[in-house]
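What follows is a single structure, written as structure tokens, with notes after it.
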Amino acid sequence: MENELIIVLDFGGQYNQLIARRVRECNVYCEVKPYTITIDEIKKLNPKGLIFTGGPNSVYKEDSLHITKDIFELGIPILGICYGSQIMAYTLGGNVEKADVSEYGHTEVNIADKNDIIFNGVDSKTVCWMSHTDYISKTPEGFKITASTANCPIAAMSCECKKLYATQFHPEVVHTKEGTKMLRNFVYDVCGCSGTWKMSSFVSTTIEQLKKKIGNGKVLCALSGGVDSSVAAVLLSKAIGKQLTCVFVDHGLLRKNEGDEVEEVFGPNGHYELNFIRVNAAQRYYDKLKGVEEPEAKRKIIGGEFIRVFEEEAKKIGSVDFLVQGTIYPDVIESGLGKSAVIKSHHNVGGLPDVVDFKEIIEPLRMLFKDEVRKVGLELGIPEKLVYRQPFPGPGLGIRIIGEVTEEKVKIVQEADYIYREEIAKAGIDKSIGQYFAALTNMRSVGVMGDFRTYDYAVALRAVDTSDFMTADATSLPWDILHKTANRIVNEVKGVNRVLYDCTGKPPATIEFE
Ligand code: XMP
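Its first residue numbered 1154, the sequence shown is counted upward by one per residue in our numbering.
Shown next, in the form of structure tokens:
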């Protein structure tokens, strides 16, 4: 049976993928498409419903994003959200104007029509998330007002017979208390979906699509051992087997045992059918990094060297048609932000296509959020240990060692980090912290061990709570965990006599140290 599909039409709102994700959480497959999609393309995709997103424009301005009236004649149910609700009103002959009072944030909404399908089971006064400067001042003919707020007389409207619904507020954000219920009502009771979609359907459909796209072509994947590139690699391996080659560059800046763990899963004795190349390039990196202290210079060397090693391997394989990247949705938003200042030059596989000739880049996970990627990973049978692995930056421990990187310092930070991770896991809080790791400060200080003076390094422990990694709070870790970890580190790791905990948030600090 074909999957039931809901299409989100993107009018430039910041929550477009979030809507798709909420619908997928209702077990209905959902994809985001540009608002410029043609009527024929929509018909071909045969969706059960359409959702129009919010957006930054004013519908009554000429240069705003507009749509043809024909879309409302398709007989496909539509839910318009924010700008999406205004474009529905405006296109069908209602009025949209600048509001005297803009509403932003938590707003109490009064449900005017309890029988409206969207509000089935929703409290008559419910808190919703508003973010608008324009408002619908008159509904189009055939529509009734179904909700209002103190400052917005038409907070929701509907035309049941045409299955058209609209909300000025955002049901997709968590701040709208009963938003999921409203979206569920739309996809199930208006669109008639039955909710048969699961992550396993995503897996099987994606594998089929990949097979079709790649044919007999050769595919190359830069595998870092992180969850995103691992999940992408396994999807590809299931689709095309040995046509896939994964190149894993061990730059000597990985966490303890990480290189071997990656090889165990993906290497010749591992679980998957693919070609696996591990390039042990540690010495090459240590040589290049010798004497370099400046963080950006270190990042550039590590990133640049990665590309060179990868390029060498790609040339050996020869005539590769496709490059696989584990890009996920948050990477897409971050790179879309455009003109922000460079805080750090990120190194990941994003830099590759310029240097190696490929026909096309394949990004099978670009629609998914991190936790959805993890679900796909579990679905594919990837070991839990790998699926729930901490985010780990491309330059690895190179940016968790302040100042010059040496082999000795790498060893210290690897051991300290291993102990820290072990203690966090023992306490059962490993899945609840956004990111945690040990770093090596460049500071040495005086200590006493036995009857001897020591002059050794200080290790810094970091743990942060974050949902998007753009901002973060320092985690309030229980003292006994910190205490035990610190004790173990100074006792078990040679060269360390002091352990510090980083209590800084982001901003003003960043998550990594460099
Ligand atoms: P910062 O330190 O900028 O980190 O607050 C935010 C998140 O990004 C990760 N990070 C990187 N990831 N390549 C990556 O793939 C990089 O160069 C890089 N630098 C930082 C960091 O671990 C955190 O999750």
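Each residue gets a CB set at the ideal place from its N, CA and C atoms; glycine is no exception.
- Counting C-beta atoms within 10 angstroms of its own C-beta, K1469 has fewer than 16 neighbours from the protein chains shown and is therefore classed as exposed.
- Taking C-beta atoms as the reference points, V1566 and R1553 count as a pair closer than 9 Å.
- The residue from I1172, E1178 and C1183 with its alpha-carbon nearest to that of N1156 is C1183.
- Boundaries of the alpha helix (DSSP H) around Y1438: A1435 to L1442.
- Burial state of Y1608 is exposed, judged by a 10 Å Cβ sphere holding fewer than 16 other Cβ atoms.
- In this structure E1532 is not in contact with V1643, their Cβ atoms being roughly 42 Å apart against a cut-off of 8 Å.
- If you draw a straight line from the Cα of E1178 to the Cα of F1522, it comes to about 12 Å.
- Comparing C-alpha distances from G1345 to each of K1201, K1538 and A1627 shows the shortest one belongs to K1201.
- In the DSSP assignment, R1651 falls within the beta strand (DSSP E) that extends over V1649 to Y1654.
- Beta-bridge partners of M1310 (DSSP): I1298 and A1319.
- Remark: the C-beta of F1622 is in contact range of the ligand XMP, defined as less than 8 Å to any heavy atom.
- In the DSSP assignment, K1564 falls outside any beta strand (DSSP E) and lies within the alpha helix (DSSP H) extending over E1560 to K1579.
- For S1620 and I1460, the gap between their C-alpha atoms comes out near 30 Å.
- A direct Cα-to-Cα measurement between A1392 and W1282 gives close to 42 Å.
- Within a 10 Å sphere around the beta-carbon of H1636 sit fewer than 16 other beta-carbons, which makes this residue exposed.
- Sixteen is the threshold: when 16 or more other Cβ atoms of the shown chains lie within 10 Å of the Cβ of A1309, as they do, the residue is buried.
- For R1452, the distance from the CB to the nearest heavy atom of the ligand XMP is below 8 Å.
- By a beta-carbon distance limit of 8 Å, S1217 does not contact D1287. Their separation comes to about 10 Å.
- Rounded to the nearest angstrom, the gap between the Cα atoms of I1535 and Y1243 is 49 Å.
- Three or more Cβ pairs closer than 8 Å define a contact, and the region 1306-1322 meets that threshold against the region 1257-1269.
- In this chain, the alpha helix (DSSP H) harbouring P1448 covers P1448 to I1470.
- Here W1350 is buried. Its C-beta has 16 or more other C-beta atoms within 10 Å.
- Annotation for F1605: the continuous beta strand (DSSP E) segment containing it runs F1605 to D1618.
- When only Cα atoms are considered, I1634 and R1651 end up about 16 Å apart.
- Between the alpha carbons of L1407 and G1549 lies a gap of roughly 6 Å.
- Y1188 sits buried, since 16 or more C-beta atoms from the chains shown fall within 10 Å of its C-beta.
- By the neighbour-count criterion, in which 16 or more other beta carbons inside 10 Å mark a residue as buried, G1228 falls on the exposed side.
- Annotation: the continuous beta strand (DSSP E) that includes S1598 extends over Q1588 to M1602.
- Between D1570 and K1409 the beta-carbon gap is near 7 Å, inside 8 Å, which marks them as a contact.
- Taking all protein chains shown into account, H1259 has fewer than 16 neighbouring C-beta atoms within 10 Å of its C-beta and is therefore exposed.
- Taking 9 Å as the cut-off, the beta carbon of T1279 is found no closer than this to the beta carbon of E1361.
- When C-alpha distances from K1512 are compared across A1591, M1520 and V1477, the shortest belongs to V1477.
- Counting along the chain, V1380 sits inside the alpha helix (DSSP H) bounded by residues V1380 to I1393.
- Straight through space, the alpha carbons of V1418 and M1520 are spaced by roughly 25 Å.
- Per DSSP, the beta-bridge partners of R1431 are F1401.
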